[in-house]
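Asks: One structure, as structure tokens, below. Some questions next.
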Amino acid sequence: MNEPLLFPPDFTFGVATAAYQVEGGIENDWSDWERAGKCKDPHARCGNSVEHWERFFDDVPLITRLGATAYRLSIEWARVEPERGRWEDEAWAGYRARLEALVKAGIRPVVTLLHFTHPKWFHVETPWHEPSSLVAWERFAKKCAELLQGLDVAVTTLNEPNVLLLGGYLGAAMPPGIADGRKAFAAMANMVRAHVIARQAILERCGPTEIGIAQNMLLFAPSRRWHPLDQALSRLADGNYNHAFLEALHTGVLRIQMPGFTAGKAVIDAAAKSTEFTGFNYYTRAHLRFSGKAPYVQFEFLDKLTRGLTDIGWEWYPEGFGQILRQLKRYDRPVWITENGLDDRTGLRRPQYLYEHWKELLLARADGVNVTSYLHWSLMDNFEWLEAWGPKFGLYRVDRKTMERQWTPACDYFREVATTRRLTAPPGTEQKPAA
Numbered sequence: 009m010n011e012p013l014l015f016p017p018d019f020t021f022g023v024a025t026a027a028y029q030v031e032g033g034i035e036n037d038w039s040d041w042e043r044a045g046k047c048k049d050p051h052a053r054c055g056n057s058v059e060h061w062e063r064f065f066d067d068v069p070l071i072t073r074l075g076a077t078a079y080r081l082s083i084e085w086a087r088v089e090p091e092r093g094r095w096e097d098e099a100w101a102g103y104r105a106r107l108e109a110l111v112k113a114g115i116r117p118v119v120t121l122l123h124f125t126h127p128k129w130f131h132v133e134t135p136w137h138e139p140s141s142l143v144a145w146e147r148f149a150k151k152c153a154e155l156l157q158g159l160d161v162a163v164t165t166l167n168e169p170n171v172l173l174l175g176g177y178l179g180a181a182m183p184p185g186i187a188d189g190r191k192a193f194a195a196m197a198n199m200v201r202a203h204v205i206a207r208q209a210i211l212e213r214c215g216p217t218e219i220g221i222a223q224n225m226l227l228f229a230p231s232r233r234w235h236p237l238d239q240a241l242s243r244l245a246d247g248n249y250n251h252a253f254l255e256a257l258h259t260g261v262l263r264i265q266m267p268g269f270t271a272g273k274a275v276i277d278a279a280a281k282s283t284e285f286t287g288f289n290y291y292t293r294a295h296l297r298f299s300g301k302a303p304y305v306q307f308e309f310l311d312k313l314t315r316g317l318t319d320i321g322w323e324w325y326p327e328g329f330g331q332i333l334r335q336l337k338r339y340d341r342p343v344w345i346t347e348n349g350l351d352d353r354t355g356l357r358r359p360q361y362l363y364e365h366w367k368e369l370l371l372a373r374a375d376g377v378n379v380t381s382y383l384h385w386s387l388m389d390n391f392e393w394l395e396a397w398g399p400k401f402g403l404y405r406v407d408r409k410t411m412e413r414q415w416t417p418a419c420d421y422f423r424e425v426a427t428t429r430r431l432t433a434p435p436g437t438e439q440k441p442a443a
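First residue of the sequence shown? That's 9 in the working numbering, and the numbers climb one at a time after it.
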């Protein structure tokens, strides 16, 4: 098979972060969650994180050194509206200065409005399952549109709403810590509406802008290939977790059917064809097993191909990346990889991971998938939510004692491919990693 080896000249290579995970000095729903001891390490705190807010202007050259021309970052709602109705003008000005610095450096900002975190007041006063959430959100979205006016930016309104809803409204594993199927569906419908509201606000204020969401997607497979219930769970997970939100933004109709968890249908005004691109976050494949006991579903990350799991315990499965890319053709929009990466605590496996996923990307392009951008997660090591400080997803390693940003072999490889547009295997890693 003659596989493609070249990225087109207009393909975008970039990197990504989220405000809470890197900025430091933020008080929000997640900082309260940590103090309640609800991370895997009950003593873990994000705290000053890696001080990206203070060091931002020194960090911009880290991006250009990689040959990257896009940077996905988020606006921390709690920083700009710590109390309901009170704006922090200095924080807004700080974000504007940072966006302008990126543009001046030749880096296009890809701005996420909501990357999991909320002000402390939000879940108490205007939770997503209540209509009041949209009033609060519209006010915030209009301020974000004002912030972005006059800049060449792209926008992801929401990061992984499916993860927020599954973890926050069904599993009680992240804020707001609810396990209620009825509220989960109401929240999901309101988040679809929130995307529409934000998109309208940005288009009205900024004119034509590329707007989408960043949707986490897993390749689902039955743990026991022969088992009909494992097969059924995989189909349900693919339809509800991977595609329900994207389908709502494509057709204007939200449909959820998760027996034992939640179900519903809602027609969302103006949601149909309400994206300019399809944003897609990919990390791994998950095997599903019917357990026979509540909650009846077991997620398993299995090393069926004996490649060795990533350090966070996820399967190394680039083939799933290509398979889901081909599924996204149905939405008839350019596809942006808004996140992709691995927890690599030695720093030695990431070049091969990049090579195998980029190869799948190019094969999907050869099959007609219009993939136009790749944003790597992450620019630098960060606070990884419930996993806290253990995982290392950064191209740059961060020494948290000195806050030094350290160049790694993956930086060399990323820069080589991003600048030459030629995909070649990294030296010494032509074979798939052994178990």
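For each residue, glycine too, the CB sits at the ideal point set by N, CA and C.
The structure displayed is predicted, hence computed values, not measured ones.
Measuring CB atoms only, is the segment 337-355 touching the segment 293-308, in the sense that at least three cross pairs come out at less than 8 Å?
Replies: The answer is no - the segment 293-308 does not touch the segment 337-355, with fewer than three Cβ pairs under 8 Å.
Asks: When the Cα of Ala162 is compared with those of Ile186, Glu96, Arg80, Asn248, which residue comes out closest?
Replies: Here residue 162 corresponds to residue number 154 of the sequence shown, with the count starting at 1. Answer by Cα proximity: Arg80.
Asks: Please state whether DSSP places Pro16 in a helix, a strand or coil.
Replies: As a first step, residue 16 must be located in the sequence shown, where it is residue number 8. Pro16 falls in the coil class under three-state DSSP.
Asks: Can the beta-carbon of Pro231 be found less than 8 Å from the beta-carbon of His295?
Replies: Numbered from 1 along the sequence shown, position 223 holds the residue referred to as residue 231. Numbered from 1 along the sequence shown, position 287 holds the residue referred to as residue 295. According to the sequence as given, residue 231 is Ser; it is not Pro. The answer is yes: Cβ separation under 8 Å.
Asks: Can you tell me whether Asp352 is helix, strand or coil according to DSSP?
Replies: Counting from one through the sequence shown, the residue named residue 352 turns up at place 344. In this structure, Asp352 counts as coil in the three-state DSSP scheme.
Asks: Can you check which of these residues, Pro16, Arg190, Cys54, Thr25, is closest to Met388 by C-alpha distance?
Replies: Translated into the one-based positions of the sequence shown, residue 388 becomes position 380. When each option's Cα is compared against that of Met388, the closest is Thr25.
Asks: If we call anything under 8 Å between Cβ atoms a contact, is Asp375 one with Asp351?
Replies: Residue numbering aside, residue 375 sits at position 367 when the sequence shown is read from its first letter. Residue numbering aside, residue 351 sits at position 343 when the sequence shown is read from its first letter. No.
Asks: Considering only DSSP beta bridges, list what Glu146 is partnered with.
Replies: Here residue 146 corresponds to residue number 138 of the sequence shown, with the count starting at 1. Paired residues: none, contrary to the question.
Asks: Pick helix, strand or coil for Val161, following the three-state DSSP scheme.
Replies: Here residue 161 is taken as the residue at index 153 of the sequence shown, counted from 1. Val161 falls in the coil class under three-state DSSP.
Asks: Can you tell me where the beta strand (DSSP E) holding Gly398 begins and where it ends?
Replies: In the sequence shown, counting from the first residue as 1, residue 398 sits at position 390. No beta strand (DSSP E) holds Gly398; DSSP gives it neither H nor E.
Asks: Going along the chain, which unbroken runs of the beta strand (DSSP E) with 3 or more residues stay wholly within the segment 50-87?
Replies: For the segment 50-87, whole beta strand (DSSP E) runs of length 3 or above, ordered along the chain, are 78-82.
Asks: Does Gly185 get closer than 8 Å to chain D when you measure Cβ to Cβ?
Replies: Here there is only one protein chain, and chain D is not present.
Asks: Which residues share a DSSP beta bridge with Val171?
Replies: As a working mapping, residue 171 is identified with position 163 in the sequence shown. In the DSSP output, where bridge partners are listed per residue, Val171 has none listed.
Asks: Using a Cβ-Cβ cutoff of less than 8 Å, which residues in the same chain neighbour Tyr404 once the five nearest sequence positions on both sides are dropped?
Replies: Mapped onto the sequence shown, residue 404 falls at position 396. Taken in chain order, the residues that qualify are Leu70, Leu387, Met388, Asp389, Arg413, Gln414, Trp415, Thr416, Cys419.
Asks: Does Leu122 come out as helix, strand or coil in the three-state DSSP assignment?
Replies: On the sequence shown, residue 122 is found 114 positions in, with the first residue counted as 1. Note: Leu122 maps to strand in three-state DSSP.
Asks: For the structure I just gave you, are there three or more beta carbon pairs, one from the segment 198-214 and one from the segment 131-146, closer than 8 Å?
Replies: The segment 198-214 vs the segment 131-146: in contact.
Asks: Just how far apart, CA to CA, sit Glu438 and Thr72?
Replies: If you number the sequence shown from 1, residue 438 lands on position 430. If you number the sequence shown from 1, residue 72 lands on position 64. Unreliable positioning characterises Glu438 in this predicted model, as indicated by a pLDDT of 46, which lies under 50. A coordinate reading is not provided.
Asks: Excluding sequence positions up to five away, which residues of its chain have a Cβ less than 7 Å from the Cβ of Tyr177?
Replies: Position 169 of the sequence shown, counted from the first residue, corresponds to residue 177. So the qualifying residues of the chain are Ile186, Asp188, Lys191, Ala192, Ala195.
Asks: Tell me the DSSP secondary structure of Glu445 in three-state form.
Replies: This structure cannot speak to residue 445, because the chain is shown only from 9 to 443.
Asks: State the Cα-Cα distance for the pair Ala27 and His258, rounded to the nearest angstrom.
Replies: As a position in the sequence shown, residue 27 is number 19, starting the count at 1. As a position in the sequence shown, residue 258 is number 250, starting the count at 1. Answer to the nearest angstrom: the Cα atoms are 28 Å apart.
Asks: Consult DSSP for Asn378 and reduce its assignment to one of helix, strand or coil.
Replies: Numbered from its first residue, the sequence shown carries residue 378 at position 370. Note: Asn378 maps to coil in three-state DSSP.
Asks: Label Lys400 either buried or exposed according to how many other C-beta atoms from any shown protein chain fall within 10 Å of its C-beta, with 16 as the threshold for buried.
Replies: The residue you call residue 400 lines up with position 392 of the sequence shown. Classification for Lys400: buried.
Asks: May I have the straight-line CA-CA distance separating Val425 from Arg263, to the nearest angstrom?
Replies: Residue mapping note: residue 425 aligns to position 417 of the sequence shown, counting from 1. Residue mapping note: residue 263 aligns to position 255 of the sequence shown, counting from 1. The straight-line gap from Cα to Cα measures roughly 40 Å.
Asks: What are the boundary residues of the alpha helix (DSSP H) that Thr427 is part of?
Replies: Here residue 427 corresponds to residue number 419 of the sequence shown, with the count starting at 1. Per DSSP, Thr427 belongs to the alpha helix (DSSP H) from 417-428.
Asks: Pop quiz: Glu35 and Lys128 are said to be a contact at Cβ under 8 Å. What is the actual Cβ separation, rounded to whole angstroms?
Replies: Residue mapping note: residue 35 aligns to position 27 of the sequence shown, counting from 1. Residue mapping note: residue 128 aligns to position 120 of the sequence shown, counting from 1. That belief holds up - the Cβ atoms of Glu35 and Lys128 are roughly 7 Å apart, short of 8 Å.
Asks: I'd like to confirm the pairing. Which residues does DSSP put opposite Ile345 in its beta bridges?
Replies: Walking along the sequence shown from the start, residue 345 turns up at place 337. Phe288, Tyr382.
Asks: Taking all protein chains shown into account, do 16 or more other C-beta atoms lie within 10 angstroms of the C-beta of Ser242, making it buried, or fewer, making it exposed?
Replies: Along the sequence shown, one-based indexing puts residue 242 at 234. Buried.
Asks: Once the 5 residues before and after Ala443 are set aside, which same chain residues still bring their CB inside 6 Å of it?
Replies: Residue 443 sits at position 435 when you count from the first residue of the sequence shown. The predicted position of Ala443 is uncertain, since its pLDDT is 32 and thus under 50; no value can be drawn from it.
Asks: With distance defined between alpha-carbon atoms, name the residue in Ser299, Gly158, Gly179 nearest to Leu107.
Replies: As a first step, residue 107 is located in the sequence shown; it is residue number 99 there, counting from the start. Answer by Cα proximity: Gly158.
Asks: When you compare the segment 244-259 with the segment 270-287, are there three or more beta-carbon pairs, one atom per stretch, that lie closer than 8 Å?
Replies: Yes, the segment 244-259 is in contact with the segment 270-287.
Asks: Which value, in whole angstroms, describes the spacing of the CA atoms of Ala240 and Arg92?
Replies: Your numbering for residue 240 matches position 232 in the sequence shown. Your numbering for residue 92 matches position 84 in the sequence shown. Between Ala240 and Arg92, the C-alpha separation is close to 44 Å.
Asks: Does DSSP put Met199 in a helix, a strand or coil?
Replies: Here residue 199 corresponds to residue number 191 of the sequence shown, with the count starting at 1. Helix at Met199.
Asks: Among Val343, Glu392, Phe329, which residue has its Cα nearest to the Cα of Trp366?
Replies: Numbered from 1 along the sequence shown, position 358 holds the residue referred to as residue 366. The shortest Cα separation from Trp366 among Val343, Glu392, Phe329 belongs to Phe329.
Asks: Among the candidates Gly220, Gly349, Gly436, Leu333, whose CA atom is the shortest distance from the CA of Val23?
Replies: For the purposes of this step, residue 23 is taken as residue 15 along the sequence shown, with counting starting at 1. Checked all of Gly220, Gly349, Gly436, Leu333; the closest Cα to Val23 is Gly349.
Asks: Between the alpha carbons of Tyr421 and Phe309, how many angstroms are there, rounded?
Replies: As a first step, residue 421 is located in the sequence shown; it is residue number 413 there, counting from the start. As a first step, residue 309 is located in the sequence shown; it is residue number 301 there, counting from the start. Distance between the alpha carbons of Tyr421 and Phe309: 28 Å.
Asks: By how many angstroms is the C-alpha of Gln29 removed from the C-alpha of Ala181?
Replies: Counted from its first residue, the sequence shown places residue 181 at position 173. Counted from its first residue, the sequence shown places residue 29 at position 21. Distance between the alpha carbons of Ala181 and Gln29 is about 18 Å.
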